[in-house]
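First residue of the sequence shown: 374, per the numbering used here; consecutive thereafter.
The C-beta atom is built at its ideal place from N, Cα and C for all residues, glycine as well.
On a predicted model such as this, the values are computed, not experimentally measured, just so you know.
The structure appears below as structure tokens.
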Amino acid sequence: MVDADLSQDFDTIPHAALLTGLARRISDGRMRHLLKGWLKAPVAEPDERGAQRMRGGKRATRGTPQGGVGSPLLANISRHRYITAFRRDGLDQKYGAQLVTDADDLVGLCRQGAHEVLEKTRGWMASIGLALNEGKTCVRAARCESFDFLGYPFGPMYSPRTGGRSNGARPSKQAIASIKGAIRKQLRPGNQAPWAEVVRRLNRTVRGWAAYFCSGALAKARHDVPLHVYHSVRRFLRRRHKLAGPGYRQFPVAAVFGELGVLALDRLPRLAPANAARETRPRAG
């Protein structure tokens with residue numbers, strides 16, 4: 374398989390090729406003028422010393438403003454030429470390859486010829502003015518090596534009970550660390566909001582994370598995250614009520630996930646996976 378990442382994707386998109394592609398799809402000249410103005414808009418950003426500097430502007434020939442609401446769409450339109458070339462050259466039939474893309478990350482699942490697919494990808498990216506991040510791009514044997522994609526490590530997994538090996542996926546350590554960090558932020562010591570507001574925001578954060586990480590091996594995540602939620606809530610309420618002890622008796626697990634209204638992640642039903650869909654048909658643009 375090919376595990377690839379684009380280098381400075383938003384900063385290197387060539388304006389001329391992108392505008393030409395937009396002109397094929399958009400007949401409204403005012404809309405094309407608006408999009409061109411978006412690409413040429415100057416952007417203020419801090420440099421390494423913290424001072425503001427301007428980049429972009431009318432003379433800019435590459436890049437789209439990072440953080441702009443239209444930039445992800447424009448970047449996807451620019452990258453779509455690679456997806457078109459992948460299909461046009463029949464790599465799916467020649468190498469048994471399936472292409473999966475998300476923003477500047479892409480994975481090519483190949484039954485054979487992964488090195489050839491990577492070389493073709495390098496050439497196609499160069500032809501449309503983009504480049505691969507060689508430090509994050511490689512060929513892997515997916516049956517033997519793990520690779521990370523969209524917050525999941527995919528590859529060999531071992532049962533802690535039997536030691537048996539199988540291929541699968543699970544939420545990454547970074548993904549679990551991110552939700553724990555978000556929980557700590559919600560329950561920071563200086564949070565003086567009413568408890569109803571605190572628990573509403575906390576539940577929204579946990580539910581959103583669980584809706585994304587809803588497939589693969591979830592047993593460990595659905596044990597560790599609720600445990601972190603409980604201890605974080607217990608400590609938060611102990612501070613708020615100025616209790617001398619640890620608060621286990623005043624705020625037991627049953628009360629936190631019961632009458633206090635905190636969402637119990639381990640009780641949520643497993644949802645149908647909705648992320649990382651294969652690129653099987655052309656998209657608009």
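For the pair residue 559 and residue 578, the CB atoms are nearer than the 7 Å cut-off.
Residue environment analysis places residue 483 among the buried positions, since at least 16 neighbouring C-beta atoms fall within 10 angstroms of its C-beta.
Looking at the backbone, the Cα of residue 408 and that of residue 463 are separated by about 33 Å. The alpha carbon of residue 540 has as its nearest neighbour, out of 550, 533, 529, the alpha carbon of 529. Ranked by Cα distance from residue 480, the options 433, 508, 375, 420 are led by 375. Only residues of its own chain outside the window of five on either side were considered, and among them 426 have a CB closer than 7 Å to the CB of residue 420, listed in chain order.
In the DSSP assignment, residue 511 is bridged to 376. With a minimum length of 3 residues, the unbroken runs of beta strand (DSSP E) contained wholly in the region 415-501 fall at 416-419, 425-428, 471-475, 478-482. Between the alpha carbons of residue 522 and residue 544 lies a distance of about 10 Å. Counting the other CB atoms within 10 Å of its CB gives residue 496 a total below 16, which places it among the exposed residues. When only Cα atoms are considered, residue 526 and residue 519 end up about 6 Å apart. Taking the C-beta atoms as reference points, residue 606 is found no nearer than 7 Å to residue 638.
A straight line joining the alpha-carbon of residue 437 with that of residue 583 spans about 32 Å.
Residue 609 and residue 592 have their C-alpha atoms spaced approximately 26 Å apart.
Cβ contact annotation for residue 451 (same chain, cutoff 6 Å, sequence separation greater than five): 386, 391, in chain order. Burial check for residue 498: the Cβ neighbour count within 10 Å reaches 16 or more, so the residue is buried.
The bridge partners DSSP lists for residue 539 are 530. For residue 457, the closest alpha carbon among the candidates 493, 428, 485, 431 is that of 493.
For residue 599, the three-state secondary structure derived from DSSP is helix. Rounded to the nearest whole angstrom, the CA to CA distance from residue 516 to residue 470 is 15 Å. With 16 or more other CB atoms across the displayed protein chains lying within 10 angstroms of its CB, residue 629 is buried.
Annotation: residue 624 to residue 614 spans about 11 Å, alpha carbon to alpha carbon. Short of 8 Å from the beta carbon of residue 491, and not among the five residues preceding or following it, lie these beta carbons of its own chain, in chain order: 375, 377, 481, 510, 512.
With 16 or more other CB atoms across the displayed protein chains lying within 10 angstroms of its CB, residue 620 is buried. In the three-state DSSP reduction, residue 522 falls in the strand class (E or B). In the same chain as residue 405, and ignoring 5 residues on each side of it, the C-beta atoms closer than 8 Å to its own belong to 392, 395, 396, 399, in chain order. Put simply, the backbone Cα of residue 617 is about 16 Å away from that of residue 604. DSSP lists no bridge partner for residue 391. Assignment of beta-bridge partners to residue 505 by DSSP yields 379.
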